[in-house]
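So the structure is just underneath, and the comments pick up after that.
Residue numbers (this note's numbering): 600 to 694.
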C-alpha cells in the first residue's frame, strides 16, 4: 500500500504519462488534449525536479500550501480570524 499510493492510477496515470510525453517532445493523447493545463503544469514540475515524481508531488504540496496561506490571509483581512480558521479546516479536510 505504501507504493500503491505513489504510483499514478487511472486518470492520474494518463496525466502523468502525457506530461512525460510532453517532456520527451511528443504530443498529448486524446484524453489530456481536452484539458491540457494540468498535464502542462505537471510537465513543468517534472522538468524542474529532473523527472522525480516524489519531488514533483512535494512541489505540488508546497504550491497548494502557499495558495491556502494566501487565501487565509486575504480572508482574515476581509472577514475575521474565525472565518479564516473555518476556511483552513474545510481545505484541510478536502485535501
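Just so you know, even glycine gets a beta-carbon here, dropped at the ideal spot from N, CA and C. All values reported here derive from a predicted model rather than from experimental measurement.
With a 10 Å radius around its C-beta and 16 neighbouring C-beta atoms as the bar for buried, classify residue i as buried or exposed.
{"i": "residue 632", "result": "exposed"}
{"i": "residue 612", "result": "exposed"}
{"i": "residue 600", "result": "The predicted model places residue 600 with a pLDDT of 47, which falls under 50 and marks its position as unreliable; any figure quoted below should be read in that light. Per the 10 Å Cβ criterion, exposed."}
{"i": "residue 629", "result": "exposed"}
{"i": "residue 610", "result": "exposed"}
Put residue i into one of helix, strand or coil per three-state DSSP.
{"i": "residue 676", "result": "helix"}
{"i": "residue 693", "result": "helix"}
{"i": "residue 624", "result": "coil"}
{"i": "residue 638", "result": "helix"}
{"i": "residue 648", "result": "coil"}
{"i": "residue 654", "result": "helix"}
{"i": "residue 600", "result": "Confidence is the limiting factor: at residue 600 the pLDDT is only 47, short of 50, which leaves the residue's position unreliable, though a coordinate-based value still follows. If DSSP states are grouped into helix, strand and coil, residue 600 belongs with coil."}
Report back the beta-carbon spacing between residue i and residue j to the nearest angstrom; my notes put them in contact at under 8 Å.
{"i": "residue 686", "j": "residue 671", "result": "6 Å"}
Do you know how far the Cα of residue j is from the Cα of residue i?
{"i": "residue 690", "j": "residue 683", "result": "11 Å"}
{"i": "residue 694", "j": "residue 645", "result": "21 Å"}
{"i": "residue 675", "j": "residue 667", "result": "12 Å"}
**Q.** Validate contact between the stretch 614 to 623 and the stretch 637 to 648 using beta carbons, cut 8 Å, 3 pairs
**A.** yes
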